[in-house]
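Student: Each protein sequence line maps, in turn, to chains A and B. Those letters in the first sequence? Residues 855 to 1234, by my numbering. Those letters in the second sequence? Residues 267 to 1168, by my numbering. Even for Gly, the Cβ is constructed at its ideal location relative to N, Cα and C. These numbers come from a predicted model, not from an experiment. Take a look at the following structure, please.
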Amino acid sequence: MTIKLIHTSDWQIGKVYRFVDDGTMGLLQEARLSAITRLGELALEHGAGHVLVAGDVYDMEALSPRSQNQPLERMRKFENVTWHLMPGNHDPHRPHGLWHQLMRRGVPDNVIVHLSSEPRLFASDGFAVLPAPLQYRRTLQDPTAYMDEAETTDGIIRIGLAHGTVTGFGSDDKDVPNYINPNRPQSAGLAYLALGDWHGQKRINDKVWYSGTHETDAFDVEGGGQALLVEVRSADSAPVVTPLKTGYYQWITYREQINSCEDVDALVATLRGSGDDLSQILVRLFVEGAVSLQDRQYFEEEIIDQVSAAFGYLRVEDTRLFPSPSEEDLDRIDRGGFVRTAADVLKQKAEDMSDPEHEIAALALQRLYVEHMKLQTRSQ
Amino acid sequence: MKIRSIAVNQFKKFTTPMCLDDIGDGLNVVVGPNEMGKSTLLDALRAALFEKYSSKAQPITALQNDRNQAAPVVELAFEVDDGTYRIRKRFVKKPYAHLFCPDGRKLEGDEAEDTLRDLLGFDEPGKSGAKPETLGMWNVLWVQQGQSFGALDLPDSARSNLHSALESEVGEVLGGRRGRALPDAVDKQLSELVTSTGRPRGDYKELIDEVETLRSELEGLQSRRSDLSKTLEALEAAQETLARLSSGEQDKKDKEELDAARSRHGELAKLESRIEAATTDVELKKRNLEQAEQALAERLTLKEQITTDTERVEAAKEKLDEVREKDQELRKQVDGLRKDAKKAEDAVAEADKAVSMARRVLTAVQRDGRIRELQERYEKAHEAEKKQRAAQKGAAAILVTDENIEEIRDAAKKLEIARSRLSAAATLVAFDMPSDRLSTIEIDGAALAAGQVSVEAVEGTTITIPDYGSISVQPAIKDRDKLIAQQRDANDALKAALEECGAKSVDAAEEQLAKREKLLRDAELARQEAELHAPETDDFEAGAEPLADHIAGLRTILERELSDLGIESLPSEKEADQALATAQESAQEARGTQATARAALGGPEEEMGRVQTELGSVKTRYDDGNERLDKLKKGLTEAEKQVSDDDLEACVTTSRKALADQEKHVSELEGQREGETLPQLEARISRLETALQERRDKRSDLKEKVVGLQSHIEALEGAGLDEAIQQKAREVELAADQLQRYEREVSVLSLLLSTIRSAETEAKERYLSPVLKRVRPYLQLLFPGAEIAIDENLHIMGVVRENGYEESFEHLSMGTQEQIAVLVRLAFAEMLVEQGQPATVVLDDVLVFSDDRRMGRMFDILNMVGQQVQIIVLTCREQLFEGIGGRQLVLQPHSGADLESA
């Protein structure tokens, strides 16, 4: 008999996106809930009766009842799917804490909350879940260590559920908090160890995987927005693990050089070619180079005003895009007269790196250009 | 440009051809009274150059003479770089315009006027004639009467003319209209963010407040979150403690200990009461022993007392005898000494009496001497008074006084006068003959007096010469009888006066008077002498009699003294003195003896007093001792009768044994305490009871606390604090970002604006520097240290005084406004001329508001400018403008026929 499970983690319900506007934030939060529904649908689609959520269901401990209940209500709708929830480092099980509240109020029947480190048997399905819930944000003992000694009925498949960091890449240091030994399946006879904490999907070994977050939540996450379909045939053999797409939004980072208006045009083409539905894409754009006042203005108009409207979100990091006012720029402002004098003064100030106001001067010069052009347009 | 001449005909008031010739290069002055037509000359200048010859506009027709309505003609010769031009125009009727060029060409009509415009740079006038706008620079340089003060009216054409002149000097520095709009646009944007003083406003200010609010809200949330964490920890701790307290182990242990303590406490309490009773018994026995011992001791003491007292009484008796003997001796000694003292005292009284006697004798002797002295003085005084009285009497007997002697002297004088008159009238008969013969001559029967050699005959006189006969002389004297009568009256008066005071003759009267005065003097001397001898004193009046009374009194006293003293005669004063001294010496001696006797008595008397006192006390002591001893002896006998000495000793021995037995019993009982005390056990019981109670209380408190904390947590958890904090932090961050953008925007706009403004200011300063540079030296002459402020439109804004204070132009006085406006015009003209542009300054009736000093300076300035620029000054103030210098021009009739009217 093949046991089919959906492995997911790091839903982090209640997460607040600090840098985006209110509207976008609402959409991003809603997406995290929608992805739960998608998980339920995928479970049904693939005939998986259980969804293991490997910690960090919630982003923080003290949440409003609405935020607490929103995912529960999504899960309730899938009556034939059993959802396994477990406290992670973002939502540890503290006395009288979040989980205490949830349990006190009651959770849907199809939701299992693993609050203690002891095997829980699902005899009819032929497997037991060995959870490693976290009591604290950081713990210096491997929460899966107990699994080595925990006993289950013979013939029952043991599935580990944990939240933390494994060695093997990144740091070798076993003193990292919430350390989990990636060889736990061997020592504890686990058929599969479902891990959470890393938001990108990652295979550690045949039996140990990070599912990644179900909906990407940052630009630096790679392989987010997925879950895993885990098919276990026996305790010894490696399970068949298949990534499933669950996320809605795509988070893309661009790093571009801009030195002319042609470069701006090329960037526009690149950005527009990012995907079919740009509204599902969030972009972080790093630009660097040196541009004339005119090209800078062109960049502002084309990228910041125009193209950004196509995306779900576009953030421009232009601290390395330096102004390089050309003689033509200045002549366009005026060939003579005091305005030109002011422009020359600002240009000189902007180019003097020892001047504490040189950045402001550069912006002021750009502004002078813009204002001048506005007046020109108006008078024409 | 230099205007050389102007000629008119049928032009306004000029109905005959008139001209102004020989206009010089520099300063020219046309002086003439009102109505002479100076302003008309300026009109002619303007018409010749700026008005269209063909125009029928009102200003042109107004050039006609009011009465004859002939066609006005004007001709103007002026010199520019390429030579002298002449423009001649006729207006209204058969109008024409002729321009005679230096190259010999003659241009006519519009061509002439177009050429003129190109040459001098002004615009074609409109249908209503030339206007300030069309005049260009000339409107500035040619000032009509009454227009020289107030702000300069610069038409655009003039301004562009000046601007091009300025720019050709300093280059293009202003930014044009767009340049002016730019700082305004930036300022507008900046002013939406900050106030003029740089304080945030509007959205920016609201955002600052919002960030503040959000931050405090975030802090509020964070503090509630930390409250939640603390409450959770407190709950955990309370539950742990409660669990520990609820186990009951400690309670059981404490209860057992408590029961043991209570039973032991009961036992110990009984033991203590037995010990207490035994201890009381010990005390009782101790007291018995004490009483027995005390009785025995008292008996012994009594016996000892009797022995001691017996000894003491004997000693007192001995002492008493001793003192009595001493007293007897002392009494004898004191009696002897007292007798000596009495004797000495009597001697002193005797001696004092002798001294008193001697002193009184001396007083009597002295008084006697005084009486004798006074007696002598009395006698002298008495003598003197007698002399005084005699002299006064003598004086009183003489009748001649100071008054009647004057009468006598007067009468004698009158007699003398009468005699002399008679004598002068008498016939003098002189005799010249030897004396022996003369003596024989008789006059009226009487012989001549010896030595008489002449006779005055008043009446018939008979001179008898013996031997010869007699000569009868009958003098013939006028008024002889009257003279004789006068003489007789005078003689009678003298006689009467003499008789009145009893004198026989005048000489006798004088003698009497002298005698009287001498007597009066003698009387006064005698009075003074008497007063000298018997002067007035405190005891008696001045004079002999009072002195005599005083002496009599003294004598009475002396007599009484003598009778008191009982002596017949007085010794001499010396003897009396000696007797007194001797008596005093004896008295002194007697006193010495008395003092010695008294001193000798002092010691023994004191000793006797002391011995008397001692005797009293020794006697008392002896009597008292005797009495007490009797009492003691009686007491002892009584006591021995009641209890014997042996019985007392037996009682003491019995009591001592009973006490020792009881003390041993107590010590045995105390040994049963085993080192525990009742307070100790009570403290333990109380401690254990409290511990049990406290644990009970604590449990119930903790239960309450847990419930409280739980409900507090439930209240807080509903708020979703972590979520709220995250969201609030996000809002804070977004708002802070926005705030930073605003701050940056303000910095950018401020920098931009300040840069533009300072560039603008600098540009303006540079732009206007050619005008200011030219005005400055002239200005210094009028207003030392001042600068003028001109805006880029060449409007005079005001004057910056030496102290930096700026006054706006409109607030300056009319005179100052005019002077400055003229200076600026001159500066403009100078600048234009320097750049090869045509410029001539015409000033009609200017500087009328200037004071003398400024006027003088303005003349200097006009002459200075005149070295470069042609200036024509028109004025009616001949006297005022006398000192202006320059070339004086006179309007003259024009001879040529070329100005024919129509």
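Look up PHE1049/B in the DSSP assignment and give the residues it is bridged to.
Tutor: Within the second sequence, numbered from 1, the residue matching residue 1049/B stands at position 783. DSSP, once it has assigned bridges, lists no residue as partnering PHE1049/B.
Student: So, is the C-beta of ASP1118/B closer than 8 Å to a C-beta in chain A?
Tutor: Here residue 1118/B corresponds to residue number 852 of the second sequence, with the count starting at 1. By this cut-off, ASP1118/B is not an interface position.
Student: Residues of chain A with CB closer than 7 Å to the CB of GLU1026/B, please, in chain order.
Tutor: Within the second sequence, the letter at position 760 stands for residue 1026/B. Within chain A, the residues near GLU1026/B are PHE1192.
Student: Do you know how far the Cα of LYS897/B is from the Cα of VAL909/B?
Tutor: Here residue 909/B refers to the residue found at position 643 when the second sequence is read from its first residue. Here residue 897/B refers to the residue found at position 631 when the second sequence is read from its first residue. Whole-angstrom Cα-Cα distance: 19 Å.
Student: Could you name the residues of the segment 960-985 of chain B whose beta carbon sits closer than 9 Å to any beta carbon of chain A, in the order they occur along the chain?
Tutor: Listed by position, the residues of the segment 960-985 of chain B near chain A (Cβ gap below 9 Å) are LEU975, GLN976, ILE979, GLU980, LEU982, GLU983, GLY984, ALA985.
Student: Measure from the C-beta of ALA1215/A to each C-beta in chain B and report whether the shortest distance is under 8 Å.
Tutor: Here residue 1215/A is taken as the residue at index 361 of the first sequence, counted from 1. Answer yes: the Cβ-Cβ gap between ALA1215/A and chain B drops below 8 Å somewhere.
Student: Starting from VAL870/A, follow the beta strand (DSSP E) in both directions and report where the run begins and ends.
Tutor: For the purposes of this step, residue 870/A is identified with residue 16 of the first sequence, where counting begins at 1. Where VAL870/A is concerned, there is no enclosing beta strand (DSSP E), given that its DSSP letter is neither H nor E.
Student: Hey, could you find the ends of the beta strand (DSSP E) ILE1062/B is sitting in?
Tutor: Along the second sequence, read from residue 1 onward, the residue named residue 1062/B stands at position 796. Element bounds for ILE1062/B: 1062-1066.
Student: Assuming the contact rule is C-beta atoms closer than 8 Å, GLY942/A and LEU988/A should be a hit. Round their C-beta distance to whole Å, please.
Tutor: If you number the first sequence from 1, residue 942/A lands on position 88. If you number the first sequence from 1, residue 988/A lands on position 134. Yes, GLY942/A and LEU988/A are in contact; Cβ-Cβ is about 6 Å, under 8 Å.
Student: Hey, is the segment 404-411 of chain B in contact with the segment 1100-1119 of chain B, meaning 3+ C-beta pairs nearer than 8 Å?
Tutor: Verdict: yes, contact present.
Student: Name the residues in the segment 1128-1154 of chain A whose C-beta lies less than 7 Å from a C-beta of chain B; which are they?
Tutor: For the segment 1128-1154 of chain A, which is checked against every Cβ of chain B, not one residue is closer than 7 Å.
Student: Find the residues of chain A that neighbour ASP988/B, judging by a C-beta separation of less than 7 Å, and give them in chain order.
Tutor: As a position in the second sequence, residue 988/B is number 722, starting the count at 1. Simply MET914, GLU915, ALA916, LEU917.
Student: Just reading off the beta strand (DSSP E) that ARG270/B is part of, what are its end residues?
Tutor: The residue labelled residue 270/B in the question sits at position 4 within the second sequence. That run of the beta strand (DSSP E) goes 268-275.
Student: Using a Cβ cut-off of 8 Å (strictly closer), state whether GLU1211/A contacts chain B.
Tutor: In the first sequence, counting from the first residue as 1, residue 1211/A sits at position 357. Chain B, which has a Cβ nearer than 8 Å to the Cβ of GLU1211/A, makes this yes.
Student: May I have the straight-line CA-CA distance separating ARG1159/B from SER271/B, to the nearest angstrom?
Tutor: Here residue 1159/B refers to the residue found at position 893 when the second sequence is read from its first residue. Here residue 271/B refers to the residue found at position 5 when the second sequence is read from its first residue. The sequence shown places Pro at residue 1159/B, not Arg. Roughly 13 Å between the two C-alpha positions.
Student: From the DSSP output, read off the bridge partner residues of GLY735/B.
Tutor: As a first step, residue 735/B is located in the second sequence; it is residue number 469 there, counting from the start. According to DSSP, which records beta bridges pairwise, GLY735/B is partnered with ILE731/B.
Student: Inspect the beta-carbon positions of SER1167/B and ALA336/B and report whether they are closer than 8 Å.
Tutor: Numbered from 1 along the second sequence, position 901 holds the residue referred to as residue 1167/B. Numbered from 1 along the second sequence, position 70 holds the residue referred to as residue 336/B. Yes, the Cβ-Cβ distance between SER1167/B and ALA336/B is below 8 Å.
Student: Please confirm whether LEU1060/B and VAL339/B have their CB atoms less than 8 Å apart.
Tutor: Indexing the second sequence from 1 puts residue 1060/B at position 794. Indexing the second sequence from 1 puts residue 339/B at position 73. Cβ atoms of LEU1060/B and VAL339/B: not closer than 8 Å.
Student: What residues from the segment 859-877 of chain A come within 7 Å of chain B, judged by C-beta to C-beta, listed N to C?
Tutor: Listed in sequence order: GLY868, VAL870, ARG872.
Student: Quick one: give me the first and last residue of the alpha helix (DSSP H) that ASP1172/A is part of.
Tutor: Position 318 of the first sequence, counting from 1, holds the residue named residue 1172/A. Unbroken run through ASP1172/A is the beta strand (DSSP E), 1167-1177; no alpha helix (DSSP H).
Student: For LEU385/B, which residues of its own chain have a beta-carbon under 8 Å away from its beta-carbon, when the five flanking residues on both sides are left out?
Tutor: One-based indexing of the second sequence puts residue 385/B at position 119. Closer than 8 Å at Cβ, skipping near neighbours: VAL346, TYR351, PRO1104.
Student: Identify every run of the alpha helix (DSSP H) within the segment 686-756 of chain B, keeping only runs that are complete inside it and at least 4 residues long; order them along the chain.
Tutor: DSSP runs (the alpha helix (DSSP H)) wholly in the segment 686-756 of chain B: 701-704.
Student: Over what stretch of residues does the beta strand (DSSP E) that includes THR936/A continue unbroken?
Tutor: Walking along the first sequence from the start, residue 936/A turns up at place 82. Element bounds for THR936/A: 936-939.
Student: Measure from the C-beta of THR306/B to each C-beta in chain A and report whether the shortest distance is under 8 Å.
Tutor: Along the second sequence, read from residue 1 onward, the residue named residue 306/B stands at position 40. It does not; no Cβ of chain A falls within 8 Å.
Student: Using a Cβ-Cβ cutoff of less than 7 Å, which residues in the same chain neighbour MET855/A once the five nearest sequence positions on both sides are dropped?
Tutor: On the first sequence, residue 855/A is found 1 positions in, with the first residue counted as 1. Only GLY980 meet the Cβ criterion.
Student: Buried or exposed for ILE683/B, please, with buried defined as at least 16 other CB atoms from any protein chain shown within 10 angstroms of its CB.
Tutor: Counting from 1 along the second sequence, the entry for residue 683/B is found at position 417. Answer is exposed; the Cβ neighbour count stays below 16.
Student: Please classify ALA424/B as buried or exposed, where buried requires at least 16 other C-beta atoms within 10 Å of its C-beta.
Tutor: For the purposes of this step, residue 424/B is taken as the residue at position 158 of the second sequence. Its Cβ being crowded by 16 or more others within 10 Å, ALA424/B is buried.
Student: In whole angstroms, give me the CA-to-CA distance for PRO949/A and GLU502/B.
Tutor: The count along the first sequence starts at 1 and reaches residue 949/A at position 95. The count along the second sequence starts at 1 and reaches residue 502/B at position 236. Each residue's alpha carbon lies about 7 Å from the other.
Student: If you scan the segment 871-898 of chain B from start to end, which runs of the alpha helix (DSSP H) of 4 or more residues do you find wholly inside it?
Tutor: Here no run is fully enclosed.
Student: Taking buried to mean at least 16 other C-beta atoms within 10 Å of its own C-beta, is THR886/B buried or exposed?
Tutor: Taking the second sequence and counting its residues from 1, the one referred to as residue 886/B is at position 620. Looking at its Cβ environment, which holds fewer than 16 other Cβ atoms inside 10 Å, THR886/B is exposed.
Student: Return yes when the Cβ of LEU1147/A is within less than 8 Å of the Cβ of LEU1083/A, no when it is not.
Tutor: Looking up residue 1083/A in the first sequence gives position 229. Looking up residue 1147/A in the first sequence gives position 293. Against a cut-off of 8 Å, the Cβ pair of LEU1147/A and LEU1083/A comes out as no contact.
Student: Using a Cβ-Cβ cut-off of less than 7 Å, give me the residues of the segment 1175-1191 of chain A that come near chain B, in sequence order.
Tutor: So the close ones are ASP1188, GLY1190, GLY1191.
Student: Give the DSSP-derived three-state secondary structure of HIS344/B in the structure shown.
Tutor: Translated into the one-based positions of the second sequence, residue 344/B becomes position 78. It is worth fixing the name first, because residue 344/B is Phe in this sequence and not His. PHE344/B falls in the strand class under three-state DSSP.
Student: Could you run through the segment 448-462 of chain B and flag, in chain order, every residue whose CB is less than 7 Å away from some CB of chain A?
Tutor: So the list reads LEU448, ALA451, VAL452, given in the order they occur along the chain.
Student: Which residues in chain A sit within 8 Å of LEU494/B, going by Cβ to Cβ distance?
Tutor: Indexing the second sequence from 1 puts residue 494/B at position 228. Here the neighbours are ALA916.
Student: Please report the straight-line C-alpha distance between VAL1041/B and ARG1067/B, rounded to a whole angstrom.
Tutor: Taking the second sequence and counting its residues from 1, one reaches residue 1041/B at position 775. Taking the second sequence and counting its residues from 1, one reaches residue 1067/B at position 801. Roughly 15 Å separates the two Cα atoms.
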